[in-house]
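Below: the structure, in structure tokens.
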Amino acid sequence: MPLIDARKLRVSLQAKVLIVVLAFLVLVPAITLWLVNRHVSRQVQDEARLTLETAEAVFKQSLEIRSRNLRARFRNVVNEPRFKAVSQLGDSKTMTAYLNDLLEEFGEDNEVILFTREDGELLASARRDASLSIEDFSKTVRPTVVLALEGGQGLDYLAFGNRIYTVVAVSGTVRERGPLTGALVVAVRLGESAVQEMKALTRTEILLVANGQVAASTLPAADAFEAMTDAAAAQAEGAGAIRDFEIKEEYFLALATDDRNAPGFRYVLLSSYEQRLRALARTQRLLVGVSVGGILLSALVVWFFVSRATRPLRELRDMAEAVGRGDFSKKVEKFSNDECGEVAVAFNRMTVNLQSSRAELEKAVVTLNNTQAQLVQSEKLSAVGQFVAGVAHELNNPLTAVIGFSDLLKETVDDPAIRPQIDLIARSGQRCQKIVQSLLSFSRQHAPERKLLRLGALIDDILEIMAYDLRTSGVEVVREFGEVDALPPIVGDAHQLQQVFVNLLSNARQAIQGFRKDGRIAVRAFVAGETIRLEFQDNGPGIKPEHLAKIFDPFFTTKPVGKGTGLGLSLVYGIMQEHRGTIRVKSEVGQGAVFIIELPVATAAEQASMKLKGGGSRPPMAATVSVKSGIGKSVLVIDDEEWILSLTEELLRREGYEVVALLSCEKALEILSGRKFDVIVSDWKMPGLNGIQLYEHLRVHDPESARRLLFMTGDVMSETFERFLERNAKTYLSKPFALRDFRAAVAALLGAA
């Protein structure tokens, strides 16, 4: 269909106008709001930073003024008559009592007073907190005392424990057996009252930290701890760094620094700019409200005019949706002689073309669905086949021991009370053998092939496989046909037909299981003219009449979601078509269903040209021959399973053979390099060097021994192994084997030799 020039479509232009106008209406207020918010936010933070820097200067000046006042207050104490009188006595207890009086006189913030000699010895002291160690405190203030004794200022800040002190040291003379020089030390705590006074001056929150602990704060204890933690992060960025953080939904700018002359003493100033942010938020909400109102009003006006202009295109869209739903009867009326009219004409032509091609597409989809159904089923069977093949190999080896040793016991034990139990063991092992062989036949991977088949044998194999599943589901299977050889052969693929039978039996079991406890499936087979008719009848709930016509459609299912794919019966229908057969169903609701299959009987020409295949059972062994005496004969047996070696060794020794039993082909090659054996029996599949590799080695280096080699295997017979046997004219024993078959095979090799 030729493309319409978009430049001629006035609707397209109006749509562009609508997009541009709406974009402009949204972008302009958004950009304006972003710029205003950015500018005001920066201004708010700059003002808070300036406030914080000013507060720091005021804070430092307040500390300096406070220190000078304290020094002026305490420096004349040593010159007071009372102090001199106490000093003249030279009594430590009297001095201590005097210092306690001074402590009460100076006020609650004065927590420690002590007098030390010039040599550092503590003469007397007084303290408010008994837990405070005077000895440690005296050692800590020693540098300040030394400075005072040397005529210095004697003023410092001290972080001691979790407290901060302003320490004032004043030099004086004490007479005790002669004049001694010492210093009076007064420690005034920088506590809550002090920070509250400085908060009023700086108009900021103040946090004092001593040795990593909150010493005093204008904030509550929990908030102070959080602020101290964040301040530590700010301190890591460098002294004097300003950063913002949040405490209980209130935003602050914090300045954290330390006093380098007082180790452990840090202070944090916090300036809140929450009120400015709230004012900014109110302004933002107002701008957003006005902008949204303007955008909505403008968009409504633009939409009204654009909708009137785009009405023809909307009608065209509705018609296109109708066509998309499969209604090709809709036709678009030509609106006008402009571009919209040209689109209508082109659309009508497209509808006609789609209607003609839809039929062809539906045919292709049906074919594709059938192919897909077969592919899905094939992949499922491939995975099942690989699993079953591995399980069968592991079962065949112990089954060989069970069947073989039971046969040996029957030959050895004459007690009539024990022989029935031995027979039961043998029959149970043979039943397991039949089930394993049926599973192998059903799951074996192969290309589709047409051979002569006995339907009775195929059905019996599937019934054997599904017997346990059907029995535990409460379903009785009634077999209503004679011997397997009673029905004439047909031409078909055994594995595909087995898939058909499994699907039909599984569907019947699932339908019965949820409907009744006394389930019953009748399987009938009889000749009807030139065809064989099979019937699978169940007493389940039946099939509704409206479902009968669609029962074989791909992906149609009446099962709940996740319980079925709707591919099983579609695959069955496809297989019947490939076999030139038919399948149909009869059903009444509540009375069950009958699936009827008709397959053509093989013609005389087909029977003459093809080999008859009975089903999935093991190919028959050669007839048993008379066993020769094994005296004077030697046999080498190689198998990686010890019970197989024990069985064959016991059997052969009873016949008079000299037996060497080995667990690996590598060891066998070592033995064969210096000795000859009349017969070599080797497992085909073993760890390391396998039976085929052993044969190839012997064929090159010892052809005579290679001719006397007999294979045995419990694995699936692959096409590669079958071609190998045919190419080299070799025979094999399939595990589990009967003792008579093993004797006959060994005797046959000796006879051929």
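Here my numbering is used: the first residue of the sequence shown is 478, the next is one more, and so on. Don't be surprised by glycine CBs; every beta carbon is placed ideally from N, CA and C. Owing to the predicted nature of the structure, the values given are computational and were not obtained by experimental measurement.
Would you kindly report the start and end of the unbroken beta strand (DSSP E) that includes residue i?
i               : result
asparagine 436  : Nothing in the structure corresponds to residue 436, since the chain is present only between 478 and 1230.
serine 748      : 742-749
serine 1064     : 1059-1065
glutamine 690   : 690-694
isoleucine 1115 : 1111-1115
arginine 604    : 599-604
alanine 687     : 682-687
valine 1137     : 1135-1139
Opposite residue i in the DSSP bridges: which residues?
i               : result
valine 563      : Beta-bridge pairing links valine 563 to no other residue.
alanine 1005    : Thr1008
lysine 887      : Looking at the DSSP assignment, lysine 887 forms no beta bridge with any residue, so it has no partner.
methionine 1189 : Asp1160 and Leu1210
tyrosine 634    : Thr643
isoleucine 899  : DSSP lists no partner for isoleucine 899.
aspartate 721   : Leu730
valine 968      : Leu929
isoleucine 998  : Val954 and Asp1015
leucine 845     : DSSP output for leucine 845 lists no bridge partner at all.
serine 648      : Ala660
arginine 666    : Tyr642
Which two residues bound the contiguous alpha helix (DSSP H) that contains residue i?
i                  : result
glutamate 957      : Unbroken run through glutamate 957 is the beta strand (DSSP E), 952-957; no alpha helix (DSSP H).
phenylalanine 1201 : 1196-1205
leucine 1175       : 1168-1178
proline 1022       : 1022-1025
alanine 574        : 569-583
serine 1047        : 1045-1055
valine 1071        : No alpha helix (DSSP H) contains valine 1071, which is instead part of the beta strand (DSSP E) from 1069-1077.
valine 1231        : Summary: the structure shown does not reach residue 1231, with the chain confined to residues 478 through 1230, and so no result is reported for it.
glutamate 1083     : 1081-1086
leucine 1146       : 1142-1149
alanine 677        : 669-679
leucine 1128       : 1119-1131
Could one say the Cβ of residue i lies closer than 8 Å to chain B's Cβ atoms, at least one of them?
i              : result
glutamate 1147 : The structure shown has no chain B; it contains just one protein chain.
Hey, how far is the Cα of residue i from the Cα of residue j?
i                 : j                 : result
alanine 525       : leucine 599       : 49 Å
arginine 720      : valine 589        : 37 Å
leucine 1025      : valine 778        : 59 Å
arginine 1184     : arginine 1176     : 8 Å
valine 800        : valine 961        : 58 Å
glutamate 727     : phenylalanine 583 : 39 Å
glycine 906       : glutamate 888     : 17 Å
glutamine 987     : aspartate 938     : 20 Å
alanine 1221      : glycine 959       : 33 Å
leucine 1216      : glycine 881       : 6 Å
isoleucine 1028   : alanine 963       : 32 Å
isoleucine 1009   : valine 1078       : 6 Å
glutamine 630     : alanine 660       : 12 Å
glutamate 1181    : isoleucine 899    : 40 Å
asparagine 639    : aspartate 613     : 14 Å
leucine 1226      : proline 965       : 37 Å
valine 1104       : glycine 1228      : Interpretation of valine 1104 is limited by its pLDDT of 46, a score under 50 that renders its predicted location unreliable; the figure taken from the coordinates is listed afterwards. Valine 1104 and glycine 1228: Cα-Cα distance of roughly 10 Å.
aspartate 1214    : glycine 1067      : A small correction: the amino acid at residue 1214 is phenylalanine; aspartate does not occupy that position in the sequence shown. Going by the C-alpha atoms only, they are around 48 Å apart.
glutamate 595     : leucine 626       : 7 Å
leucine 732       : arginine 743      : 11 Å
alanine 713       : arginine 559      : Because alanine 713 carries a pLDDT of 47, less than 50, the predicted location of this residue cannot be relied on, and the following value inherits that uncertainty. When rounded, the distance between both Cα atoms is 50 Å.
threonine 643     : leucine 576       : 18 Å
alanine 664       : arginine 550      : 13 Å
phenylalanine 782 : phenylalanine 824 : 26 Å
request  = Evaluate contact between the segment 1130-1137 and the segment 1077-1087, counting only Cβ atoms and requiring at least three cross-stretch pairs below 8 Å.
outcome  = no
task = Report yes or no: do the segment 790-802 and the segment 525-539 share at least 3 C-beta pairs separated by less than 8 Å?
result = no
task = Kindly confirm or deny that the segment 679-696 and the segment 750-757 touch, where touching means at least three C-beta pairs closer than 8 Å.
result = no
key: Every unbroken alpha helix (DSSP H) within the segment 534-560, with a cutoff of 4 residues, ordered by chain   = none
ask   = Counting Cβ pairs, one atom from each stretch, are 3 or more of them under 8 Å apart for the segment 970-988 and the segment 926-944?
value = yes
ask   = On the three-pair Cβ rule with 8 Å, is the segment 516-524 touching the segment 666-680?
value = no
message = Could you check whether the segment 990-1000 touches the segment 1015-1031, counting it as contact only if at least three pairs of C-beta atoms, one from each stretch, sit closer than 8 Å?
response = yes
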